[in-house]
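*Asks:*
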Amino acid sequence: MVEERIPPQDLVAEQSVIGSMLLDKNAIVKAIEILHPDSFYRDAHRFIYEVILDVFDKGEPVDLITVTDALRKAGKLDKVGSSVYVADLINSVPTSANVEYYAKIVEEKAILRRLIDAGTNIVSNAFARTEDIDQILDQAEKSVFDIALKSVRQGFHKIDSVIKGVLDKIDSLYDKKEAMTGSPSGFPDLDKLTAGFQNADLIIIAARPAVGKTAFALNIAQNAAIKYK
């Protein structure tokens, strides 16, 4: 007999996140830095979360009345249970001050579910072997990379601090008057377009399988380490 295993999830943490968001506007800002709609295991919680974000984005107050009304207009109130269930979410949360802790629990469970799905697809593709081995490897790498990329959240920064940093960078580059402001790749045509690889850049080399992505990346690394140090 095959044991049916329940995917990783924490429904209490999900309820606490939504309850906190309904109680405290600041909790909404903290939660959206961590969670995606698909972070929620239960569909009802995902529906409510999406509606909260929609109401919040419109600049309207987020509370039991506005969210229940938005759910009703979207035809999702019956799908989440009822207005009573939404009210119960508020009553069930211990304190909105811990919303970041609750949200991290929810997101950690979601990451585990994504890894399980990716692993299942990798196994299926490997057994089916309907594609070239390089394509299977690329798909496996991409599926795991996408999960890692999705879990990276930088949060919000005040606009004044962002502008100051950008202006300081522009002033510094103007004073130096150098054509190469980053790390050279060793490929003149590419460096002319990019002025080199800049700090904190995320550089993705995209191409079809077996056309030289790895060799190209190794050449860049070799140039940076040996030629330009």
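According to the numbering used here, the sequence shown holds residues 70 to 298 in order. C-beta atoms are modelled at their ideal positions from N, C-alpha and C, and glycine is treated no differently.
#1: Looking only at its chain, what residues have a beta carbon closer than 7 Å to the beta carbon of M70, apart from the 5 residues adjacent to it on each side?
#2: How many Å lie between T283 and D203 at the Cα?
#3: Taking C-beta to C-beta, are Q78 and Y110 nearer than 7 Å?
#4: Would A156 and L133 qualify as a contact pair, given that the criterion is a beta-carbon distance under 7 Å?
#5: Counting only the same chain and skipping the five closest in sequence on each side, list residues whose C-beta sits under 6 Å from that of Q208.
#6: Check whether the Cβ atoms of G251 and Q267 lie closer than 7 Å to each other.
#7: Closer than 8 Å by C-beta to P163: which residues in its own chain qualify, once you throw out the five before and the five after it? Chain order, please.
#8: Please confirm if the stretch 255 to 265 is in contact with the stretch 171 to 186, defined as three or more CB-CB distances below 8 Å between the two stretches.
#9: Tell me the DSSP secondary structure of S252 in three-state form.
*Replies:* In short:
#1: Translated into the one-based positions of the sequence shown, residue 70 becomes position 1. Note that M70 scores 48 on pLDDT, short of 50, meaning its location in the model is unreliable and no value can be drawn from it.
#2: Along the sequence shown, read from residue 1 onward, the residue named residue 283 stands at position 214. Along the sequence shown, read from residue 1 onward, the residue named residue 203 stands at position 134. So the two alpha carbons sit approximately 12 Å from each other.
#3: By one-based count along the sequence shown, residue 78 stands at place 9. By one-based count along the sequence shown, residue 110 stands at place 41. In terms of Cβ geometry, Q78 and Y110 form a close pair [threshold 7 Å].
#4: Here the question's residue 156 lines up with position 87 in the sequence shown. Here the question's residue 133 lines up with position 64 in the sequence shown. Contact check for A156 against L133 passes: the beta carbons are separated by less than 7 Å.
#5: Mapped onto the sequence shown, residue 208 falls at position 139. For Q208, where only same-chain residues beyond five positions count, there are no Cβ hits under 6 Å.
#6: Counting from 1 along the sequence shown, the entry for residue 251 is found at position 182. Counting from 1 along the sequence shown, the entry for residue 267 is found at position 198. The answer is yes: Cβ separation under 7 Å.
#7: For the purposes of this step, residue 163 is identified with residue 94 of the sequence shown, where counting begins at 1. Leaving aside the five residues that flank P163 on each side, the residues in its chain whose CB is nearer than 8 Å to its CB run, in chain order, S85.
#8: Taking 8 Å as the limit for Cβ pairs, the verdict is that the stretch 171 to 186 does not touch the stretch 255 to 265.
#9: The count along the sequence shown starts at 1 and reaches residue 252 at position 183. In the structure shown, S252 sits in a strand (DSSP, three-state: E or B).
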